[in-house]
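Letter by letter, the sequence shown follows residues -14 to 377 of the numbering used here.
Note that beta-carbon positions come from the ideal geometry of N, C-alpha and C, so glycine has one too.
Here is the structure we will look at.
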Amino acid sequence: FADFNPSKRPWSVASDDSNNSWNPAYNCFDRPGKKCISFTLRINGKDHDLLAVDKIHVDLNWRYLNEYLDQISANDEVLFLKQGHEIIAKNQLAREKLIIYNSEGNYNIIDSVDTEYIAKTSAVPNNALFEIYFYYPGGNLLNASDKLFYLPFAFIIIVLLVVYLMTTRVFRRQFSEMTELVNTLAFLPDSTDQIEALKIREGDAKEIISIKNSIAEMKDAEIERSNKLLSLISYDQESGFIKNMAIIESNNNQYLAVGIIKLCGLEAVEAVFGVDERNKIVRKLCQRIAEKYAQCCDIVTFNADLYLLLCRENVQTFTRIIAMVNDFDSSFGYRNLRIHKSAICEPLQGENAWSYAEKLKLAISSIRDHMFSEFIFCDDAKLNEIEENIWI
């Protein structure tokens, strides 16, 4: 304080009748950079007479103002005190920022992350010399110009992402459907229900529906060609009888009764008279069977001496004819030839014809080598009796 010169203080020129007031900042202690502000306190009334003091002058170092602003400010708040056009005190965050005065009477706060601040200004009570500036972070990382620059890119990225997600979803669903269809096609030849495997389900894509329809049409065409081919190879050209049970099962027609005719003794004729005579007898047998049963029955040839009769209509006529015992024997002219017949008079489907044929074969086998023609009318009880007798 050796160089203390009161005349250089701002309050040295203050009039005696002035009010209590803050004074402009100045270089205190005659040292540049050591800024102070002073406050003049007037002593009036009884205190003036009691203390014999006219006024009190207080110099405040700016450093203490900085520390005070640090205490009263929040962690993310930029706070500083301005006198005229000069900032005289800052909190810690304000000291770390670049603060630039703009032409609008405000300040721009600049940092490394482009934080956007909201400004608020307040004057110090009872002292128009000082203004306090508060800056609160708005939470935006981009300023207005950056937003306008990046907004189109952000919009394009969002649109592309939505298109990608939608495309991925569609492709994933179609890939799943195609995988399911491929697996279905892989197991289709072994599938027990091919119609169900190719059934169009709700939610199938139009491509999947088109593929399933094409496969179904191909299957129908294949079945039709197979049936035509089967028809060509399933009929005996000479007798006209069916020689493949598959066509009966495939057509699955409704039948009213089923019978079987067996010619016994044909081996003996072939051994004595030869193959030509045997074939002559077989042709004659087929002719007689056709005459009697072709109008009401589908006739299946198992072999030269065994024929299955499936009655389509006129079941009474069929039952009466097949029950006649001696309707064939006299036409052959050979004493050892015998006709054995068996029948089951109940409705059946073509797909079950093979099981009925096996039952009738069992009944025929029970006749054994009986010397006369015989007919057996079968039912389940009779078949059980026949089976027991055969095995015993």
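Per DSSP, the continuous beta strand (DSSP E) segment holding arginine 323 begins and ends at 323 to 329.
Boundaries of the beta strand (DSSP E) around alanine 104: 102 to 108.
For aspartate 61, there is no enclosing beta strand (DSSP E), as DSSP marks it with neither H nor E. Spanning the alpha carbons of leucine 347 and lysine 197 requires a straight line of approximately 46 Å. Rounded to the nearest whole angstrom, the C-alpha separation of isoleucine 28 and tyrosine 92 is 39 Å. A direct Cα-Cα distance of roughly 12 Å separates tyrosine 292 from cysteine 282. Around the CB of phenylalanine 303, 16 or more other CB atoms lie within 10 Å, so the residue is classed as buried. Serine 88 counts as exposed, since fewer than 16 other beta carbons sit within 10 angstroms of its beta carbon.
At a Cβ-Cβ threshold of 9 Å, leucine 322 and valine 243 do not count as neighbours. If you look at valine 285, you'll find it in the beta strand (DSSP E) that goes 282 to 288.
Per DSSP, the unbroken beta strand (DSSP E) holding asparagine 93 starts and ends at 92 to 95.
Distance from the CA atom of arginine 210 to the CA atom of valine 148, rounded to whole angstroms, is 48 Å. Taking 9 Å as the cut-off, the Cβ atoms of glutamate 255 and arginine 263 count as close. Residue burial is scored here from C-beta neighbours: threonine 152 has fewer than 16 other C-beta atoms within 10 angstroms and is therefore classed as exposed. For arginine 27, the three-state secondary structure derived from DSSP is strand. In this model, valine 285 and isoleucine 349 are separated by some 16 Å (Cα to Cα). Ranked by Cα distance from cysteine 13, the options Asp39, Trp47, Leu26 and Thr25 are led by Trp47. Put simply, the stretch 224 to 233 touches the stretch 335 to 345. At least three CB pairs are less than 8 Å apart. For valine 243, the enclosing beta strand (DSSP E) stretches over residues 242 to 249. Arginine 186 has its alpha-carbon roughly 55 Å from the corresponding atom of histidine 325.
Taking every protein chain shown into account, the CB of isoleucine 361 has 16 or more other CB atoms within 10 angstroms, so this residue is buried. Under the criterion of beta carbons closer than 8 Å, serine 97 and asparagine 76 do not qualify as touching, at roughly 18 Å.
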